[in-house]
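Protein chains: 2
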Amino acid sequence: MSEVLTLAKKAREAANALAKTSTDERNRALVAMSDALVARQNEILGANALDVAAARAKGTAAPLVDRLELTAARIGAIAEALKSLSLLPDPIGEVLSGSRLANGIWLQQVRVPMGVVAMIYEARPNVTADAAGLCIKTANAVILRGGSMAQHSNLMMTEVLASAAVGAGMPEGCIQSIESTDHAAAEELMGLHGKIDVLIPRGGAKLIQSVVQNAKVPVIETGVGNCHVYIHEKADPAMAERIVVNAKCQRPGVCNAAESLLIDEAVYATFLPPILTALQSAGVTIYGDEKTLSLEGVEGIEAATEDDWGTEYLDMKISCKVVTGLDEAISHVNMYGTKHSEAIVTEDYASALRFLNEVDAAAVYVNASTRFTDGAEFGLGAEIGISTQKLHARGPMGLTALTTAKFIAMGSGQIRE
Amino acid sequence: MSEVLTLAKKAREAANALAKTSTDERNRALVAMSDALVARQNEILGANALDVAAARAKGTAAPLVDRLELTAARIGAIAEALKSLSLLPDPIGEVLSGSRLANGIWLQQVRVPMGVVAMIYEARPNVTADAAGLCIKTANAVILRGGSMAQHSNLMMTEVLASAAVGAGMPEGCIQSIESTDHAAAEELMGLHGKIDVLIPRGGAKLIQSVVQNAKVPVIETGVGNCHVYIHEKADPAMAERIVVNAKCQRPGVCNAAESLLIDEAVYATFLPPILTALQSAGVTIYGDEKTLSLEGVEGIEAATEDDWGTEYLDMKISCKVVTGLDEAISHVNMYGTKHSEAIVTEDYASALRFLNEVDAAAVYVNASTRFTDGAEFGLGAEIGISTQKLHARGPMGLTALTTAKFIAMGSGQIRE
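As structure tokens, this is what we get:
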């Protein structure tokens, strides 16, 4: 039996056992996992040092090495997050609906664990602990497949977390990482229909695409965001500038950052120059359409190509297009957006309502920055990722995204006539 | 552009337009569709006669021809179902949750249409009208791909339904059928990631498997049911017999019919003979394990093989296995079941609770027939199918399975610090 299949089999056994654990038992396991990360931090730091040295030797870019590197402080923060998770309410067992059927059967729909959750992710080793914690909290077994760059860190963290969880009464196999780093192992995991209940990829567009193309198991797509801010002709120009600059610059490398600016023809000549100047002062390169390029008083704008409308820069870059009005703005967003986060800036009531109703995205904003699309900002307590698909979960996913429902029917001998 | 791609493009435009329609407009369209089916029934019956004649000429089995054949009465019933749909509450626009965030943003999670729904189904032409009606009700555009055996019927029904819907104000392209009957067209449809929001296959295990293996778009798996009735040692034997006979025989060709009987070792020698005799009197063939075969007083039992435990007969056949007790029963169900509908018969409180908690299935029953897993029986108003996956919808799916959610955020200039 292959490594992946062996792990999947153990995970299913663990999932069946986890379904019998109580809320208190799982919360105690989370605290034990948190304590173990701190108690065994030297082992984790030692493994991480190997990954960091290898990454540096390969000439990996400094920001990537920074994402990879663990410190005692970072491990402390990861451990704290596990402890916080133990304090959140347990979603498992919630009765979602219920009724007494006409025939006397007492029917309830109850929230239950997914079973076996798989995660494929890239170089940040903190995802290992996050994913393990979220799955233990929701009584799911988890199979982790981290990026090869963080392999020593991930395997050590998995060992520390799994042995602490098992020591606290969780079943063997509840937290497992795939040791093989070749692509075939990842593809095998994606193909285990019936053995994996849900696969959640976390990473860049390339990883997500690979999963979408290859997976036979149910997938929750996450995190690709080509987000727009649309400045309507009735916008308050100072608010528009504040929102555009925040949505682009506050953290440009994340999925809810703005990648494209749309503005109404009626106001672009007056509103746009100070906004573009503010963006440029912050270090943003602007890719403009013809009208933007012909603006007076703004220098150094690059010419946008058709490709720019569909590009998620994840960088200090923004595309800019002048539109004829609300209709064109909504069409453009629905055509080029990735259905993540979209904002309109306007003081006009009817235009705000139309944008909210007609834009097809996980989160639609009036007069606020797209940067708010986030589990913590939305008050979800914990975040698994941001779903950009419509099935199951959409937008920031809290613990309930790792659950499903089961109908429970209590009868007294009823048969169907 | 291929036929399928052309249809998908039109469907997206239709979906955007449907998102703007009101509940009343869509309900009026459903009534118009219902009226048109009756008014144009001769055209539909004419097209159906071609399909029926071709099926007979090919020597198709009588039950299949019966499922294919339409009559004025059947069209009347289909038309009635569309009218009933118009009377159900509209799920679209429901506010699922909402709060005022600390920063003043007013956040709501609102139920919205999926967008473009695709259905691939087999020979029953009534599914064409069902699917079209469910999608118009929920403001989704639908692309239908029916079985080639019913192609004339499906295309004519689509024409009648679509022109009535458009005549009542729905957008062009809201209801479309794929004309090409080759497999490449179906595969192309399954691959349209980003263009199809959800694909729902309705049909046998082979169709479902083909979709699971080939689809790149999000899928809701439906309807394969290897369902068990487990007779616990503390069961009331008369109730056990009534439930087993009902679960197996009331309608053996459907997914919630029982396919396997488990019984405790402690009682099988006394409980099983009358139950098996009752099943045999009803015309059921029994595939038994060794203990079942060695029962005295019951003749004509076939020997079960390992394959029988995993087989969905959809026929007057049942497998029968003697288990050591609750633990083995739960393990067996979780190993061989398809997570559809599972029942225990017992008078013991603790055993009932354990079965409900530990069996992993869409619907779990105590002392009732598995045949109740059904949208109408569960009071869902309309049924799209029965999901056997855990993502998005599980068990009988009502209208809400064709919806997703959107976060709507109303701000007053908030930016993220």
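Line order of the protein sequences matches chains U and F. Going by this note's numbering, the first residue of the first sequence is number 6, and it counts up by one from there. Going by this note's numbering, the first residue of the second sequence is number 6, and it counts up by one from there. Glycine residues also receive a C-beta, built at the ideal position from the N, C-alpha and C atoms.
### Query
What is the rounded straight-line gap between the Cα of residue 102 of chain F and the Cα of residue 405 of chain F?
Cα atoms of residue 102 of chain F and residue 405 of chain F: separation of roughly 15 Å, rounded to the nearest angstrom.
- Under a three-way DSSP split, which group does residue 231 of chain U fall into? Three-state DSSP puts residue 231 of chain U in coil, outside helix and strand.
Quick one: is residue 411 of chain U buried, meaning 16 or more other Cβ sit within 10 Å of its Cβ, or exposed? Of the residues assessed, residue 411 of chain U falls on the buried side of the cut-off, its CB having 16 or more other CB atoms within 10 angstroms.
Quiz item: Within 10 angstroms of its Cβ, does residue 444 of chain F collect 16 or more other Cβ (buried), or is it exposed?
Solution: A question about residue 444 of chain F goes unanswered here, because the residues of chain F that appear run from 6 up to 422.
> What is the rounded straight-line gap between the Cα of residue 92 of chain U and the Cα of residue 397 of chain U?
Replying inline: In a straight line, the C-alpha of residue 92 of chain U is about 25 Å away from that of residue 397 of chain U.
Checklist entry - Would you say the stretch 240-248 of chain U touches the stretch 314-322 of chain U, given that touching needs at least three Cβ pairs under 8 Å? => result At 8 Å Cβ cutoff, the stretches do not touch.
- Task: For residue 353 of chain F, collect the residues of the same chain with a Cβ closer than 7 Å to its Cβ; drop the 5 residues on either side in sequence, then sort them by chain order.
- Result: Close CB contacts of residue 353 of chain F within its chain, under the 7 Å cut and outside five residues either way in sequence, are with 237, 239 (chain order).
Counting Cβ pairs closer than 8 Å, one from the stretch 362-371 of chain F and one from the stretch 336-344 of chain F, do we hit at least three?
Contact between the stretch 362-371 of chain F and the stretch 336-344 of chain F is present, because at least three Cβ pairs lie under 8 Å.
Best match in U:74, U:229, U:23 for proximity to residue 120 of chain U [C-alpha to C-alpha]: Of all alpha-carbon atoms in U:74, U:229, U:23, the one lying nearest the alpha-carbon of residue 120 of chain U is that of U:23.
- Query: Does any C-beta atom of chain U lie closer than 8 Å to the C-beta of residue 395 of chain F?
  - Reply: Interface residue, yes.
* What is the residue span of the beta strand (DSSP E) that residue 45 of chain U lies within? -> Residue 45 of chain U -> no beta strand (DSSP E), and no H or E assigned at all.
query = By how many angstroms is the C-alpha of residue 346 of chain U removed from the C-alpha of residue 226 of chain U?
reply = Straight across, the Cα-Cα distance linking residue 226 of chain U with residue 346 of chain U is about 15 Å.
### Task
Mind checking the stretch 209-235 of chain F against chain U and listing, in chain order, the residues whose C-beta falls within less than 8 Å of any C-beta there?
Cβ contacts with chain U come from 217, 218, 221, 223, 224, 225.
Distance CB(residue 471 of chain U)-CB(residue 147 of chain U) smaller than 8 Å | Residue numbering for chain U in the displayed model covers 6 to 422; residue 471 of chain U lies beyond these limits and cannot be assessed.
* **Beta carbon proximity, residue 383 of chain F to chain U, threshold 8 Å** => So, interface residue.
Which residues does DSSP pair with residue 150 of chain U in a beta bridge? According to DSSP, which records beta bridges pairwise, residue 150 of chain U is partnered with U:125.
Contact under 8 Å by Cβ, residue 104 of chain U with residue 172 of chain F: No; because the gap between Cβ atoms is not below 8 Å, this pair is not in contact.
| task | Could you tell me which chain F residues have their CB closer than 7 Å to the CB of residue 119 of chain U, listed as they occur along the chain? | result | Residues of chain F whose Cβ lies closer than 7 Å to the Cβ of residue 119 of chain U are, in chain order, 395.
Note to self: For chain F, check one thing: does any of its Cβ atoms lie closer than 8 Å to the Cβ of residue 361 of chain U?
What the structure shows: Closer than 8 Å: yes.
How about residue 257 of chain F and residue 319 of chain F: are their beta carbons less than 8 Å apart? Between residue 257 of chain F and residue 319 of chain F, the C-beta gap is smaller than 8 Å, which places the two residues in contact.
Handout entry: Beta bridge counterpart(s) of residue 258 of chain U as assigned by DSSP
Key = The beta-bridge partner set that DSSP reports for residue 258 of chain U is empty.
Identity of the residue in F:203, F:163, F:169, F:204 nearest residue 184 of chain F by Cα: The residue from F:203, F:163, F:169, F:204 with its alpha-carbon nearest to that of residue 184 of chain F is F:163.
Next item on the list: Would you list, in chain order, the members of the stretch 78-100 of chain F that have their beta-carbon closer than 7 Å to a beta-carbon of chain U?
Entry: The residues in question: there are none.
Amino acids of chain U, ordered along the chain, whose beta-carbon sits closer than 8 Å to that of residue 203 of chain F
Using a Cβ-Cβ cut-off of 8 Å, residue 203 of chain F is close to 395, 396 of chain U, given in chain order.
Once the 5 residues before and after residue 33 of chain F are set aside, which same chain residues still bring their CB inside 6 Å of it? These residues qualify, in order along the chain: 173.
In this structure, how does DSSP classify residue 279 of chain F when only helix, strand and coil are distinguished?
The answer is helix: DSSP assigns residue 279 of chain F an H, G or I state.
Extent of the continuous beta strand (DSSP E) to which residue 114 of chain F belongs: For residue 114 of chain F, the uninterrupted beta strand (DSSP E) segment begins and ends at 111-118.
First and last residue of the beta strand (DSSP E) that includes residue 68 of chain F? That residue, residue 68 of chain F, is in no beta strand (DSSP E); its alpha helix (DSSP H) goes 67-73.
Taking only beta-carbon atoms, is residue 409 of chain U less than 8 Å away from chain F? By this cut-off, residue 409 of chain U is an interface position.
Start and end residues, beta strand (DSSP E) containing residue 392 of chain F | Under the DSSP assignment, residue 392 of chain F falls in the beta strand (DSSP E) whose first and last residues are 390-392.
Query - Cβ-Cβ separation, residue 390 of chain F to residue 205 of chain F (assumed contact under 8 Å), whole Å - result: About 6 Å; that satisfies the 8 Å criterion.
Can you find the residues in the same chain that come closer than 8 Å, C-beta to C-beta, to residue 329 of chain U, ignoring five residues on each side of it along the sequence? Annotation for residue 329 of chain U: 269, 270 place their beta carbon closer than 8 Å to its own, counting only its chain and skipping 5 residues before and after.
Item to complete: Could you check the C-alpha separation between residue 241 of chain U and residue 107 of chain F for me, to the nearest Å?
Response: Inter-residue distance for residue 241 of chain U and residue 107 of chain F is about 23 Å (C-alpha atoms, whole angstroms).
CB contact below 8 Å: residue 188 of chain F versus chain U: Look at residue 188 of chain F: its C-beta is not under 8 Å from any C-beta on chain U.
Check your understanding: Where do the N-terminal and C-terminal ends of the alpha helix (DSSP H) with residue 340 of chain U fall, by residue?
Key -> Taken as a continuous stretch (DSSP letters only), the alpha helix (DSSP H) holding residue 340 of chain U covers 331-341.
Checklist entry - Using DSSP with H/G/I as helix, E/B as strand and the rest coil, what is residue 250 of chain F? => result Helix, per DSSP.
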